[in-house]
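Just remember that my numbering sits 207 ahead of the position in the sequence shown, which is counted from 1.
Positions of the beta carbon are idealized from the N, C-alpha and C atoms, including for glycine.
Written below as structure tokens is the structure these notes are about.
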Amino acid sequence: MFYIFQDKVGRKVHCSNHYKNKIRILNSLAPKVVIICPLDHCSFPQTCLSFERYSTACSMLVISSLFLLFFNHSLTMENQQFSYEFLQKLLKCKAKMLSGGKKFTCETCGKTFPENVQLVRHVRIHTGERPYKCEHCDKTFTEKINLTRHIFTHTGEKPYNCEYCGKAFSQRFTLSKHILTHTGEKPYHCEYCGKTFSQSSTLSKHILTHTGEKPYHCEYCEKSFSQSGHLSQHRLTHLKPKSYDCEHCDKKFSMNSTLVIHRRLHTGERPYSCDCCEKSFMSSTALKIHQKIHKPKKPIESEH
208 MFYIFQDKVG RKVHCSNHYK NKIRILNSLA PKVVIICPLD HCSFPQTCLS FERYSTACSM
268 LVISSLFLLF FNHSLTMENQ QFSYEFLQKL LKCKAKMLSG GKKFTCETCG KTFPENVQLV
328 RHVRIHTGER PYKCEHCDKT FTEKINLTRH IFTHTGEKPY NCEYCGKAFS QRFTLSKHIL
388 THTGEKPYHC EYCGKTFSQS STLSKHILTH TGEKPYHCEY CEKSFSQSGH LSQHRLTHLK
448 PKSYDCEHCD KKFSMNSTLV IHRRLHTGER PYSCDCCEKS FMSSTALKIH QKIHKPKKPI
508 ESEH
């Protein structure tokens, strides 16, 4: 089970923030909220036996995870839209509370998880296991949900429609990102610099620029990375044959793009120039890192 509630001024409050800030909300201040299915307009708890009230230090509404799995779409709460993605995040809070603080630890990198199923998925990063195979092509995936999304590329099915413009998408996540182009909402705030983001995944990647954390480790060497995509790309340097030879030295590379950048060490070519100064660089990545020094830091606005 997980919790959804509103504070006394009607603001939507994420339960993880609630516990972090230790805000107490009394029964008299927490309104009873009716969840309505937007497809068939069924209301709960009248038709959901697993719907119940639960009291802790605060009073919140409790909804069973079974309910969410059955209704695999967004829900409406007092005419306020809660995306399925948002509700899935609340399920993570449920996992923490049900585990009673128990942690499942990865033996390879030491990272901990509140649920064993999360650990199982994480371990596949280290083992390379991809148990879910597409029946239409040779692609494999670490999670079933990623396979389901991929299959849409073969079938052409686009079941998710934008309520603002009618554009259709094959993935709910893509629709969620698209909707933000209409609303301009950026609900995810960086606690270090105050910068806001439209996606939680983008915020997570951004936070690593402050912490310096590199949680993704290569099992073939000692290198580590801040993003799983960078690890996947790096892993190819170990697995793919190094068929690209440098004509200036004895080095070999598994990707031609890497060879092109390496070759510039010999030729001195620096094709990427900064618009703000006279410096130039061998790669676009190096230029982007440099350009950050020209951007003025935005002051953090204090909340009143």
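When the beta-carbon positions are compared, Y423 and L410 stay at least 9 angstroms from each other. The shortest C-alpha to C-alpha distance from Y451 to any of R442, H441, M462 is the one to M462.
Going by beta carbons, F432 and T444 fall outside the 9 angstroms limit. In this structure H441 is not in contact with C453, their Cβ atoms being roughly 19 angstroms apart against a cut-off of 8 angstroms.
In the three-state DSSP reduction, K486 falls in the coil class, being neither helix nor strand. Between C397 and H413, the C-beta gap is smaller than 9 angstroms, which places the two residues in contact. Of F404, T474, H329, T381, the smallest CA-CA separation from E392 is found for F404.
Within the segment 334-413, the alpha helix (DSSP H) runs of at least 4 residues that lie entirely inside it are, in chain order, 351-362, 379-390. In the DSSP annotation of this structure, the continuous segment of the alpha helix (DSSP H) that includes G436 starts and ends at 435-446. Distances from the alpha-carbon of E370 to those of Y339, T390, S480 put T390 closest. Going by DSSP, R477 is part of no alpha helix (DSSP H) at all; its letter is neither H nor E. For S431, the beta-bridge partners assigned by DSSP are H424. Contact check for T349 against P338 passes: the beta carbons are separated by less than 9 angstroms. The Cβ-Cβ distance between E364 and S377 falls below 9 angstroms. Under the criterion of beta carbons closer than 8 angstroms, T347 and K340 qualify as touching, at roughly 5 angstroms. Within the DSSP bridge table, the entry for T315 names no partner. With respect to the 9 angstroms criterion, K486 and H473 are not classified as neighbours on the basis of their beta carbons. Between K495 and S408, the alpha-carbon positions lie close to 20 angstroms from each other.
In summary, I332 is buried, with 16 or more beta-carbon neighbours lying within 10 Å of its beta-carbon over all protein chains present. Comparing C-alpha distances from T362 to each of N368, M489, C344 shows the shortest one belongs to C344. Burial state of L446 is exposed, judged by a 10 Å Cβ sphere holding fewer than 16 other Cβ atoms. Counting along the chain, the unbroken alpha helix (DSSP H) around I496 starts and ends at 491-498.
For K458 and P478, the gap between their C-alpha atoms comes out near 22 angstroms. Excluding five sequence positions before and after T381, none of the CB atoms of its chain fall closer than 6 angstroms to its own CB. Cβ contact annotation for L415 (same chain, cutoff 6 angstroms, sequence separation greater than five): S433, in chain order. For K459, the beta-bridge partners assigned by DSSP are D452. By alpha-carbon distance to G475, the top candidate from E342, L354, H455 is H455.
Ranked by Cα distance from T418, the options S435, K430, C400, Q406 are led by C400. For I468, the closest C-alpha among the options I352, H357, D482, S491 is that of S491. I386 counts as buried, since no fewer than 16 other beta carbons sit within 10 angstroms of its beta carbon.
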